[in-house]
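Below: the structure, in structure tokens.
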Amino acid sequence: MLDFGNTALLLGGVLSALASIAHLACIALGAPAYRFMGAGERMARAVQAGKIQPTLVTLAIASTLLVCAAYAFSGAGIAPPLPFTKLALVLISAVYLVRAFAFPLLRPLFPENSPSFWLVSSGICLVLGLLHALGVIALWARP
Numbered sequence: 020m021l022d023f024g025n026t027a028l029l030l031g032g033v034l035s036a037l038a039s040i041a042h043l044a045c046i047a048l049g050a051p052a053y054r055f056m057g058a059g060e061r062m063a064r065a066v067q068a069g070k071i072q073p074t075l076v077t078l079a080i081a082s083t084l085l086v087c088a089a090y091a092f093s094g095a096g097i098a099p100p101l102p103f104t105k106l107a108l109v110l111i112s113a114v115y116l117v118r119a120f121a122f123p124l125l126r127p128l129f130p131e132n133s134p135s136f137w138l139v140s141s142g143i144c145l146v147l148g149l150l151h152a153l154g155v156i157a158l159w160a161r162p
């Protein structure tokens, strides 16, 4: 049976996996998907020009999100144990929360990204960070 912590990690894992799939969809669908997701015109034009960098960046993000999902599922007890699960979940929570609150500092570095991109992605990171943090706190409290 799933308790609160396991449920938070399960939900965090599902949302991380969905975010990974959304990034992979950008690669599959091309420049219009990058535009729709708010990645910026420069990124969309690079995709249209056949440059590899947008694909590599997007693959790196999708892979990272999938690893986050795997650790959340492991912490929730629905996937095999992974090394350093508690530590990894603390770091994952911290990264998501830092990303959620650091967008005013990051925004000038990526001026092509739309305001809606920053608000939506930061909100998603906040939810993911809180779910992972609540889950790992519950994990740590277990005997």
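Following the numbering used here, the numbering of the sequence shown begins with 20 at its first residue and continues without gaps. Even glycine gets a Cβ: it sits at the ideal position worked out from N, Cα and C. It should be emphasised that the depicted structure is a prediction, and the values quoted were computed from it without experimental measurement.
>> For LEU116 and GLY148, which I take to be in contact (beta-carbon distance under 8 Å), what is that distance rounded to the nearest angstrom?
In response: Walking along the sequence shown from the start, residue 116 turns up at place 97. Walking along the sequence shown from the start, residue 148 turns up at place 129. Between GLY148 and LEU116 the Cβ distance is about 4 Å, and since that is below 8 Å, they are a contact.
> What's the C-alpha gap between ARG64 and THR74?
Replying inline: Taking the first residue of the sequence shown as 1, we reach residue 64 at position 45. Taking the first residue of the sequence shown as 1, we reach residue 74 at position 55. When rounded, the distance between both Cα atoms is 12 Å.
>> Let me confirm a value: GLY94 is counted as buried when at least 16 other C-beta atoms fall within 10 Å, else exposed. Which label applies?
In response: Numbered from its first residue, the sequence shown carries residue 94 at position 75. Buried, since its Cβ has 16 or more Cβ neighbours within 10 Å.
> With DSSP run on the structure shown, which of helix, strand or coil describes ALA152?
Replying inline: Here residue 152 corresponds to residue number 133 of the sequence shown, with the count starting at 1. The answer is helix: DSSP assigns ALA152 an H, G or I state.
> If we call anything under 8 Å between Cβ atoms a contact, is ALA44 one with ALA52?
Replying inline: Reading the sequence shown from its first residue, position 25 is the one you call residue 44. Reading the sequence shown from its first residue, position 33 is the one you call residue 52. Their beta carbons are under 8 Å apart, which means ALA44 touches ALA52 by this criterion.
> In terms of residues, what are the limits of the alpha helix (DSSP H) holding SER133?
Replying inline: Counted from its first residue, the sequence shown places residue 133 at position 114. Unbroken run through SER133: none, as it is neither H nor E.
> How far does the alpha helix (DSSP H) with GLY32 in it reach, from first residue to last?
Replying inline: Within the sequence shown, numbered from 1, the residue matching residue 32 stands at position 13. Where GLY32 is concerned, the enclosing alpha helix (DSSP H) stretches over 23–48.
> Among SER135, PHE122, HIS151 and GLY24, which has the Cα closest to the Cα of GLY59?
Replying inline: By 1-based counting over the sequence shown, the position of residue 59 is 40. Nearest of SER135, PHE122, HIS151 and GLY24 to GLY59, Cα basis: SER135.
> Between ARG54 and the rest of its own chain, which residues show a CB-CB distance below 6 Å, the 5 nearest in sequence each way excluded?
Replying inline: Within the sequence shown, numbered from 1, the residue matching residue 54 stands at position 35. Within the same chain, ARG54 has close Cβ partners ALA63.
> Considering only C-alpha positions, which residue in the set LEU138, PRO102 and ALA47 is nearest to ALA121?
Replying inline: Within the sequence shown, residue 121 is the residue found at index 102, counting from 1. Ranking the options by Cα distance to ALA121, first place goes to LEU138.
> Buried or exposed: which applies to LEU128, given that a residue is buried once 16 or more other Cβ atoms fall within 10 Å of its Cβ?
Replying inline: Mapped onto the sequence shown, residue 128 falls at position 109. Answer is exposed; the Cβ neighbour count stays below 16.
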